[in-house]
Every structure is written in structure tokens, then in C-alpha cells.
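Engineer: Mind having a look at this structure? Questions to follow.
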Amino acid sequence: MNPIFPTEGFARLPQILDFLSVSESTFRRGIKAGKFPKPIKVNRTSVWPATEIRAAVDKLSEREG
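Residue numbers 42 to 106, in this note's numbering, belong to the letters of the sequence shown in order.
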């Protein structure tokens with residue numbers, strides 16, 4: 042896992058895309074498909090709980106593995 046990605050708190054879109062090594066469109070399709078959590082708005086900024094992103098990655102890894 043990318044050491045820059047937070048283990049707690051919130052992550053912004055560029056951090057998540059780098060962590061997952063996917064494009065924005067692929068990530069957004071994953072949100073619509075229910076693979077990834079929906080964003081939370083903090084003021085006008087979209088953020089995701091880092092723990093939820095990590096949990097989604099773990100869940101997807103279990104499906105593949």
C-alpha cells in the first residue's frame with residue numbers, strides 16, 4: 042500500500058487515485074457500482090474516510106483472491 046495514503050482521517054480524490062492506481066472515471070464507476078464509498082462534502086471539497094477506502098480495497102482483494 043502507498044505509504045502516503047492516510048490510515049485514518051480523510052483522503053481527497055488525488056490521493057485515492059494514486060493509492061488505487063486507477064483513473065478518475067474508473068473510480069467513479071466503482072462508486073456507482075457500490076465498490077467504493079460515496080464522498081462526504083466538507084465545505085465544497087469531496088473527501089472519503091480513509092478507513093472506508095482501505096476496507097473497500099480489502100473487500101475487493103478478498104473477492105479476487
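Note that beta-carbon positions come from the ideal geometry of N, C-alpha and C, so glycine has one too.
Applying the 10 Å Cβ sphere with the 16-neighbour rule, what's the burial state of I94?
Structural biologist: With 16 or more other Cβ atoms within 10 Å, it is buried.
Engineer: Rounded to whole angstroms, what is the Cα-Cα separation between V88 and T48?
Structural biologist: The alpha-carbon atoms of V88 and T48 are separated by roughly 14 Å.
Engineer: A74 by DSSP, collapsed to three states: which one?
Structural biologist: DSSP places A74 in coil when its eight states are reduced to three.
Engineer: Are there 16 or more other CB atoms within 10 angstroms of the CB of A74, so buried, or fewer, so exposed?
Structural biologist: The residue in question, A74, is exposed, as its Cβ has fewer than 16 Cβ neighbours within 10 Å.
Engineer: A52 bridges to which residues according to DSSP?
Structural biologist: Paired residue(s): W89.
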